[in-house]
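S.K.:
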Amino acid sequence: MIELTQIRKAFNQGKHNEYWALDGIDLAIPDKQVTALRGPSGSGKTTLLTILGCLARPTEGRVRLKGEDISGLPERFLTEIRRQTFGFIFQQFNLIRGLSAIENIILPAYPTGQPRKDLLLKAEALLAGVDLGHRRNAKVEWLSGGEQQRVAICRALINDPEILIADEPTANLDTRLSKEFLGILEKLADKGRTIVLTSHDPMVVDSSVVNRVVSLRDGRIVDAK
Amino acid sequence: MKIWIEKQQHLIDFTLASLARRKLKNLGLLTVYTLLVFVLASVALYTHALRTEAQKVLAGSPEIVLQRLVAGRHDLIPPGYLEQIGRIRGVQKMEGRLWGYYYDNVVKANYSFMAPRDLNIARGEIIVGPALERSRGLAAGNGISFRSYSGELHTFIVADVLPQTSELVSADLVLMHEADFRAFFKIPDGHYNDIAMSVANPQEVRNVAIKLLTTLPDSRPILRDEVLRTYASIFDWREGIMLALLSAAILAFGIFAWEKAAGLSAEEKREIGILKAIGWETGDVIKMKFWEGLLISLLAFLLGYVAAYLHVFHMDAILFEPVLKGWAVLYPRFTLPPHIDGLQVATLFFFTVFPYTAAVLVPIWRAATTDPDTVMRS
Chain P
3 MIELTQIRKA
13 FNQGKHNEYW
23 ALDGIDLAIP
33 DKQVTALRGP
43 SGSGKTTLLT
53 ILGCLARPTE
63 GRVRLKGEDI
73 SGLPERFLTE
83 IRRQTFGFIF
93 QQFNLIRGLS
103 AIENIILPAY
113 PTGQPRKDLL
123 LKAEALLAGV
133 DLGHRRNAKV
143 EWLSGGEQQR
153 VAICRALIND
163 PEILIADEPT
173 ANLDTRLSKE
183 FLGILEKLAD
193 KGRTIVLTSH
203 DPMVVDSSVV
213 NRVVSLRDGR
223 IVDAK
Chain S
130 MKIWIEKQQH
140 LIDFTLASLA
150 RRKLKNLGLL
160 TVYTLLVFVL
170 ASVALYTHAL
180 RTEAQKVLAG
190 SPEIVLQRLV
200 AGRHDLIPPG
210 YLEQIGRIRG
220 VQKMEGRLWG
230 YYYDNVVKAN
240 YSFMAPRDLN
250 IARGEIIVGP
260 ALERSRGLAA
270 GNGISFRSYS
280 GELHTFIVAD
290 VLPQTSELVS
300 ADLVLMHEAD
310 FRAFFKIPDG
320 HYNDIAMSVA
330 NPQEVRNVAI
340 KLLTTLPDSR
350 PILRDEVLRT
360 YASIFDWREG
370 IMLALLSAAI
380 LAFGIFAWEK
390 AAGLSAEEKR
400 EIGILKAIGW
410 ETGDVIKMKF
420 WEGLLISLLA
430 FLLGYVAAYL
440 HVFHMDAILF
450 EPVLKGWAVL
460 YPRFTLPPHI
470 DGLQVATLFF
480 FTVFPYTAAV
490 LVPIWRAATT
500 DPDTVMRS
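Chains as they are written, first to last, in the working numbering: chain P, 3 to 227; chain S, 130 to 507.
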């Protein structure tokens with residue numbers, strides 16, 4: 003469970019172009035559910051997602067993960083939490099070009115010091131789970147958009163995180179691939195993962211996979227159902 | 130500990146993959162870097178080996194050489210000097226020496242003519258250094274003529290060629306009988322170019338030199354230690370000249386390396402952001418880049434040093450020979466025995482590997498400490 007209390011986030015604080023992206027967010031993300039953050043561009047969805055995923059710290063307010071206040075933790079501890087608890091699927095996939103699919107997948111596990119052999123076995127199982135075993139050694143820039151996203155999903159799962167964070171996961175996919183993604187999402191949800199995603203794609207937010215939709219506008223929650 | 134080792138292995142794996150992904154940039158950097166180490170190491174190895182070799186050769190030279198001066202210029206030693214020196218206490222052995230320079234118009238080179246006492250050379254015969262063997266195509270049994278300064282033509286038969294091992298000092302030597310030497314240069318009997326002497330007690334060399342000056346006021350005693358010092362400073366000076374000439378190249382490399390190391394491409398910055406977002410600590414990113422810098426600089430150092438070693442000791446330092454070896458027209462060609470100075474290697478290592486590795490880390494540290502959420506917005 004992640005709990006946010008009175009979260010405010012400012013950019014360029016104290017400067018002439020100071021901007022408050024989030025303004026008083028109170029939100030609880032339940033375990034083992036799929037939560038979608040919806041809203042127009044500039045509503046603060048991505049900023050909220052970065053705070054939920056420990057990629058950024060709020061300017062004001064408290065973040066609690068499993069009851070523990072993590073909003074004041076130094077970067078080093080946040081990194082550890084991020085590695086152990088969260089898996090990220092970015093909008094642009096953010097795979098490292100020049101490396102093969104499997105090498106990209108095992109990257110988040112490098113700091114854990116697990117033997118390479120074990121990591122490769124794990125990555126191969128993940129690739130097989132998304133029907134991409136045959137593309138194991140292909141450089142990621144040679145993969146199609148859908149394949150790249152599946153590699154990104156595998157990478158997010160390599161450290162077996164409890165929570166998956168996905169930013170606009172279908173923004174770069176056509177309808178067929180978006181459906182495929184929702185299929186994978188459903189499997190992950192069935193296995194009991196907590197998933198938080200941002201999207202303004204009706205196909206995603208209206209999907210039966212999503213348990214809860216939180217709507218944002220101008221940095222505030224306007225609706226949560 | 131096992132986890133730590135595994136982690137370092139992962140980091141090195143990733144570093145190697147990173148280096149391979151940016152082949153062009155890294156190969157260019159490695160080439161220039163290797164070239165710089167090669168040049169610096171060549172100069173250092175060469176001058177050090179030359180200095181060591183010269184010291185070894187001069188160690189066997191006389192402790193004092195006495196010259197006579199007339200109007201401040203070197204002149205012949207007249208008869209009677211040897212007797213007077215023989216009366217000075219402390220002088221163990223003395224020997225009047227005959228030597229001179231000869232300019233050979235054919236190959237436009239200078240030779241050193243000598244009449245050694247310790248070698249039995251028959252009249253009309255000469256023993257030549259290896260450089261003459263090469264430049265004039267001489268071999269034992271050949272005849273050669275030299276026109277003396279008085280215009281007479283003197284013909285000699287080559288009895289032998291000096292071995293290569295002593296080439297540093299013997300390359301341009303022509304050894305002959307005393308009578309031939311005197312006839313060639315028109316030096317009368319009893320006259321010598323200088324007197325070489327040894328002193329029984331090495332502590333007394335300076336005192337003997339003072340006594341020589343008192344007994345023979347027109348003389349100039351030259352001590353072996355002074356010669357050694359002069360040689361050392363000549364080699365230092367030559368090394369300095371070489372480095373001064375190369376300083377522009379070194380500076381250019383410095384700027385190049387700094388720019389390459391310090392300037393992170395947008396792609397590299399993006400990668401650092403991704404790595405941080407997916408759970409790499411700032412320290413991991415810095416370590417990875419540290420390995421990258423260390424691998425490049427270490428590889429360049431090893432390649433450059435080995436190339437310099439081969440260049441100096443197996444290819445006769447072909448690139449720097451004219452500047453470093455001597456001013457004679459007839460450059461002695463000799464293979465130096467390898468001498469490596471640990472301190473010199475360490476200094477070179479410190480001044481090449483360390484700055485680059487440090488230069489790599491500064492911008493990485495700056496990039497690695499940025500917030501990982503920037504990657505969400507890229």
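All residues carry an ideal CB built from backbone N, CA and C; glycine is no exception.
For the alpha helix (DSSP H) that contains residue 192 of chain S, what are its first and last residues?
M.R.: Per DSSP, residue 192 of chain S belongs to no alpha helix (DSSP H) and is neither H nor E.
S.K.: With distances taken from CA atoms, which of S:283, S:278, S:263 is nearest residue 272 of chain S?
M.R.: Residue 272 of chain S has its Cα closest to that of S:283, out of S:283, S:278, S:263.
S.K.: Closer than 8 Å is the cut-off here; do at least three beta carbon pairs connect the segment 61-79 of chain P with the segment 151-164 of chain S?
M.R.: These segments do not touch.
S.K.: Using the beta-carbon count (16 or more within 10 Å), is residue 191 of chain S buried or exposed?
M.R.: Under this definition residue 191 of chain S is a buried residue.
S.K.: So is residue 146 of chain S in contact with chain P if we call contact Cβ pairs under 8 Å?
M.R.: At least one chain P Cβ lies under 8 Å of residue 146 of chain S.
S.K.: Is it a yes or a no for the segment 325-339 of chain S touching the segment 181-199 of chain S, going by three-plus beta-carbon pairs under 8 Å?
M.R.: The segment 325-339 of chain S vs the segment 181-199 of chain S: in contact.
S.K.: Out of S:442, S:398, S:261, point me to the one whose CA is closest to residue 415 of chain S's CA.
M.R.: Residue 415 of chain S has its Cα closest to that of S:398, out of S:442, S:398, S:261.
S.K.: Give the list of continuous alpha helix (DSSP H) stretches no shorter than 4 residues that lie fully inside the segment 141-219 of chain S.
M.R.: DSSP runs (the alpha helix (DSSP H)) wholly in the segment 141-219 of chain S: 152-188, 210-215.
S.K.: Can you round the beta-carbon distance between residue 140 of chain S and residue 417 of chain S to whole angstroms, since I take them to be within the 8 Å contact cut?
M.R.: About 5 Å; that satisfies the 8 Å criterion.
S.K.: From residue 142 of chain S to residue 483 of chain S, what does the alpha carbon distance come to, in whole angstroms?
M.R.: Those two C-alpha atoms are separated by around 22 Å.
S.K.: Run the CB neighbour count on residue 456 of chain S, radius 10 Å, all protein chains shown included, and call it buried at 16 or more, exposed below.
M.R.: Bear in mind that a pLDDT of 48 at residue 456 of chain S, under 50, signals an unreliable position, so the model cannot answer this.
S.K.: Using the beta-carbon of each residue, which ones in chain S are nearer than 7 Å to residue 115 of chain P?
M.R.: The answer, in chain order, is 132, 133, 135, 136.
S.K.: Which term fits residue 459 of chain S, buried or exposed, when burial requires 16 or more other beta carbons within 10 angstroms of its beta carbon?
M.R.: Because the pLDDT at residue 459 of chain S is just 44, under 50, the model does not fix this residue reliably, and the point stays unresolved.
S.K.: Along chain P, which residues have their Cβ under 7 Å away from the Cβ of residue 501 of chain S?
M.R.: The contacting residues are 57.
S.K.: State yes or no: is the C-beta of residue 218 of chain P within less than 8 Å of the C-beta of residue 54 of chain P?
M.R.: Going by C-beta atoms, residue 218 of chain P is not nearer than 8 Å to residue 54 of chain P.
S.K.: What residue does the alpha helix (DSSP H) around residue 106 of chain P start on, and which one ends it?
M.R.: Start and end: 103-108.
S.K.: Report buried or exposed for residue 227 of chain P, applying the criterion of at least 16 other Cβ atoms within 10 angstroms of its Cβ.
M.R.: Burial call: exposed.
S.K.: Inspect the beta-carbon positions of residue 140 of chain P and residue 103 of chain P and report whether they are closer than 8 Å.
M.R.: The answer is yes: Cβ separation under 8 Å.
S.K.: Measure the alpha-carbon distance for residue 207 of chain S versus residue 260 of chain S and round it to whole angstroms.
M.R.: Each residue's Cα considered, the two are about 33 Å apart.
S.K.: Using a C-beta cutoff of 8 Å, does residue 150 of chain S count as contacting chain P?
M.R.: Answer yes: the Cβ-Cβ gap between residue 150 of chain S and chain P drops below 8 Å somewhere.
S.K.: Which residue comes first and which comes last in the alpha helix (DSSP H) that contains residue 398 of chain S?
M.R.: Segment 395-406, the alpha helix (DSSP H) holding residue 398 of chain S.
S.K.: I want to verify the contact list: residues of chain S whose CB lies under 7 Å from the CB of residue 21 of chain P, in sequence order.
M.R.: The premise fails here: residue 21 of chain P is roughly 13 Å from chain S at the closest Cβ pair, so nothing lies under 7 Å.
S.K.: Taking the straight line between their C-alpha atoms, what separation do you get for residue 278 of chain S and residue 313 of chain S?
M.R.: Answer to the nearest angstrom: the Cα atoms are 8 Å apart.
S.K.: Which residue comes first and which comes last in the beta strand (DSSP E) that contains residue 24 of chain P?
M.R.: Its beta strand (DSSP E) spans residues 21-31.
S.K.: Is residue 133 of chain S helix, strand or coil by DSSP?
M.R.: Residue 133 of chain S: helix per DSSP, three-state reduction.
S.K.: With respect to the beta strand (DSSP E) encompassing residue 89 of chain P, which residues constitute its N-terminal and C-terminal limits?
M.R.: From DSSP, the beta strand (DSSP E) with residue 89 of chain P extends over 88-91.
S.K.: Output needed in chain order: residues of the segment 392-410 of chain S with a Cβ under 9 Å from some Cβ in chain P.
M.R.: Residues 396, 399, 400, 402, 403, 404, 405, 406, 407, 408, 409, 410.
S.K.: For residue 135 of chain P, name the three-state secondary structure that DSSP assigns.
M.R.: DSSP places residue 135 of chain P in helix when its eight states are reduced to three.
S.K.: Of the residues S:346, S:267, S:421, S:228, which one's Cα is nearest the Cα of residue 200 of chain S?
M.R.: It is S:346.
S.K.: So residue 143 of chain S contacts chain P; which residues on that side make the cut at Cβ distance below 7 Å?
M.R.: Ordered by position in chain P, the residues that pass the 7 Å Cβ test against residue 143 of chain S are 112.
S.K.: Between residue 7 of chain P and residue 99 of chain P, how many whole angstroms is the CB-CB distance? I'm expecting something under 8 Å.
M.R.: Their Cβ separation, rounded to whole angstroms, is 40 Å, which puts residue 7 of chain P and residue 99 of chain P out of contact at 8 Å.
S.K.: So, do the segment 154-171 of chain S and the segment 431-438 of chain S have three or more beta carbon pairs nearer to each other than 8 Å?
M.R.: Verdict: yes, contact present.
S.K.: Can you check whether the C-beta of residue 415 of chain S is within less than 8 Å of a C-beta belonging to chain P?
M.R.: No, no contact with chain P.
S.K.: Do you know how far the Cα of residue 186 of chain S is from the Cα of residue 243 of chain S?
M.R.: Near 17 Å, if we compare the C-alpha coordinates of residue 186 of chain S and residue 243 of chain S.
S.K.: Residue 95 of chain P to residue 467 of chain S, Cα distance in whole Å?
M.R.: Distance between the alpha carbons of residue 95 of chain P and residue 467 of chain S is about 57 Å.
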